[in-house]
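Visitor: Numbering-wise (the UniProt record's numbering), the sequence shown opens with residue 272 and increments by one.
In this text, a Cβ means the ideal position worked out from N, Cα and C, and glycines have one as well.
Treat the numbers as computed from the prediction; the structure is a model and nothing was measured.
Dropping a structure here in structure tokens format, bear with me for questions.
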Amino acid sequence: AKTQGKNYWKIFSNQVDDGERSNLSLESAMYQGIENNEFMLHYQPIFCTQTGQLRGAEALMRWQIPNQGFIPPIKFIPLAENSGLIKTLGAWALRSACNQAKQWQEAGLKDFYISVNVSPRQFVQEDFLEMINIVLSESGLLPHNLMLEITEGVLMDNPQRSGEILTQLHTAGVKIAIDDFGTGYSSLAYLKKFPLSVLKIDKSFVDDVINSAEDMAIIGTILSLAEGLNLLVVAEGVENDAQLGFLKQEGCNLVQGYLTGKPVHSEDFKEKYLA
Ligand code: C2E
Ligand code: CA
Ligand code: CA
Ligand code: CA
Numbered sequence: 272a273k274t275q276g277k278n279y280w281k282i283f284s285n286q287v288d289d290g291e292r293s294n295l296s297l298e299s300a301m302y303q304g305i306e307n308n309e310f311m312l313h314y315q316p317i318f319c320t321q322t323g324q325l326r327g328a329e330a331l332m333r334w335q336i337p338n339q340g341f342i343p344p345i346k347f348i349p350l351a352e353n354s355g356l357i358k359t360l361g362a363w364a365l366r367s368a369c370n371q372a373k374q375w376q377e378a379g380l381k382d383f384y385i386s387v388n389v390s391p392r393q394f395v396q397e398d399f400l401e402m403i404n405i406v407l408s409e410s411g412l413l414p415h416n417l418m419l420e421i422t423e424g425v426l427m428d429n430p431q432r433s434g435e436i437l438t439q440l441h442t443a444g445v446k447i448a449i450d451d452f453g454t455g456y457s458s459l460a461y462l463k464k465f466p467l468s469v470l471k472i473d474k475s476f477v478d479d480v481i482n483s484a485e486d487m488a489i490i491g492t493i494l495s496l497a498e499g500l501n502l503l504v505v506a507e508g509v510e511n512d513a514q515l516g517f518l519k520q521e522g523c524n525l526v527q528g529y530l531t532g533k534p535v536h537s538e539d540f541k542e543k544y545l546a
């Protein structure tokens, strides 16, 4: 398995030379990785900006081939999406994250929510709602403690179907966040059409907000839009005190970033936040 793993890595690193074949190899490596339990979740804390209280965590997928370190999700998620493997991986992530959140709640984290990324293909899959229901009932996690992060693209590509799914999730009590808000092609119309709970401000707007009048204006506008629509806002990629100070002053509800906590293994999360 070690040799194979090395192969994959090599092929993978040289994928520019032969995109088709390397993707196939990575895909079969992923199948094997699922079998071998090489996938795991890391958890990044999300805090209330005003009180500093821990409110939730985002589950972020990690793939570690033995002896080779991590392959970043930005590389394997798109591939999983194209090959359809995302259905298996996504269902696994949802189940693990909900079980973990329930466990932490029982260990003392009250009113803690878990936020899970849902890929476009996964979101429109036929048995998605059924899977969510099963995961919730098996874990015992309350629906309002589960947040699903989807991107604007999903809503734009298939508004009819997305609307139906969102309405059913909303009826069940599950929360929806729009991830990377403002970075895709979209219209604001969907904000009033669909039952949403949270907008996540993309890191790209937060990065230079202290020096950029434009980014300040964009973030300010997102915050007043959210207030008018009764949505909560999470700012992601917060790395320094100046950014945090600005977001706090402008009334951003929640923050997530390296400043307040990096994504960590569940054991580390427990150690850090369940004192
Ligand atoms: P995302 O959903 O926008 O997740 C936030 C990313 O920003 C994460 O990268 C996180 O580690 C990183 N981040 C958070 N705070 C900071 C910060 O202060 N500084 C910096 N430099 N980075 C920060 P990560 O974990 O590499 O994930 C990348 C993307 O992969 C995610 O972006 C998401 O689109 C996707 N992804 C990760 N896990 C899953 C999953 O389980 N399912 C699906 N469908 N996609 C996933
Ligand atoms: Ca996300
Ligand atoms: Ca995001
Ligand atoms: Ca992002």
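Going by C-alpha to C-alpha distance, which of Leu312, Pro316, Phe341, Asn524 sits closest to Ala364?
Guide: Residue 364 sits at position 93 when you count from the first residue of the sequence shown. Measuring from the Cα of Ala364, the nearest candidate turns out to be Leu312.
Visitor: Let me check understanding here. Comparing Cα to Cα, which of Ala448, Asn338, Ser299, Ile405 lies closest to Glu420?
Guide: Taking the sequence shown and counting its residues from 1, one reaches residue 420 at position 149. Nearest of Ala448, Asn338, Ser299, Ile405 to Glu420, Cα basis: Ala448.
Visitor: Which stretch, first to last residue, makes up the beta strand (DSSP E) that contains Pro316?
Guide: Against the sequence shown, residue 316 aligns to sequence position 45. Here the beta strand (DSSP E) through Pro316 covers 310-319.
Visitor: Determine the extent of the beta strand (DSSP E) in which Ile447 is found, giving its start and end residues.
Guide: Here the question's residue 447 lines up with position 176 in the sequence shown. Here the beta strand (DSSP E) through Ile447 covers 446-452.
Visitor: With a threshold of 7 Å (Cβ to nearest heavy atom), would Pro316 be considered close to ligand 5?
Guide: Within the structure as shown, ligand 5 is missing, the only ligands being ligand 1, ligand 2, ligand 3 and ligand 4.
Visitor: I'd like to confirm the pairing. Which residues does DSSP put opposite Phe399 in its beta bridges?
Guide: Position 128 of the sequence shown, counted from the first residue, corresponds to residue 399. Paired residue(s): none; Phe399 is not in a bridge.
Visitor: I'd like the ranges of any alpha helix (DSSP H) spanning at least 4 consecutive residues and lying wholly in the stretch 462-494.
Guide: 474-477
Visitor: Cβ of Leu331 versus every heavy atom of ligand 1: is any distance shorter than 7 Å?
Guide: Indexing the sequence shown from 1 puts residue 331 at position 60. The answer is yes for Leu331.
Visitor: Anything with a beta carbon under 5 Å from a heavy atom of ligand 2 counts; list them all in chain order.
Guide: That query returns the following residues: Asn388, Glu420, Asp450.
Visitor: From the DSSP output, which residues share a beta bridge with Tyr384?
Guide: Counting from 1 along the sequence shown, the entry for residue 384 is found at position 113. Note: Tyr384 sits in a beta bridge opposite Gly327.
Visitor: Ligand 1 heavy atoms versus the CB of Asp510: any closer than 7 Å?
Guide: Within the sequence shown, numbered from 1, the residue matching residue 510 stands at position 239. As written in the sequence, residue 510 is Glu, which differs from the Asp given in the question. Checking every heavy atom of ligand 1 against the Cβ of Glu510, one is found closer than 7 Å.
Visitor: I'd like the list of long-range same chain contacts for Phe347, defined as Cβ closer than 6 Å, with 5 residues on each side in sequence excluded.
Guide: The residue labelled residue 347 in the question sits at position 76 within the sequence shown. Trp334, listed in sequence order.
Visitor: I'd like to know if the stretch 532-544 and the stretch 473-490 are in contact, where contact means that at least 3 CB-CB pairs between them fall below 8 Å.
Guide: no
Visitor: Can you tell which of Ser457, Asn370, Leu297, Gly424 has the C-alpha that lies nearest to the C-alpha of Ile336?
Guide: The residue given as residue 336 occupies position 65 in the sequence shown. Residue Leu297 is the option with its Cα nearest to Ile336.
Visitor: Ile342 bridges to which residues according to DSSP?
Guide: Sequence index remark: in the sequence shown, residue 342 carries index 71 (1-based). In DSSP, Ile342 forms a bridge with Trp334.
Visitor: Could you give the DSSP three-state label for Glu409: helix, strand or coil?
Guide: Mapped onto the sequence shown, residue 409 falls at position 138. Three-state result, Glu409: helix.
Visitor: Using the Cβ count rule (16 or more neighbours within 10 Å means buried), how would you classify Asp451?
Guide: If you number the sequence shown from 1, residue 451 lands on position 180. That one is buried.
Visitor: Does the Cβ-Cβ distance between Ile385 and Ala368 come in under 8 Å?
Guide: Here residue 385 refers to the residue found at position 114 when the sequence shown is read from its first residue. Here residue 368 refers to the residue found at position 97 when the sequence shown is read from its first residue. Yes, these two residues count as a Cβ contact at 8 Å.
Visitor: Given that a residue counts as buried once 16 or more other Cβ atoms are within 10 Å of its Cβ, and exposed if not, what is Arg432?
Guide: Along the sequence shown, read from residue 1 onward, the residue named residue 432 stands at position 161. Within a 10 Å sphere around the beta-carbon of Arg432 sit fewer than 16 other beta-carbons, which makes this residue exposed.
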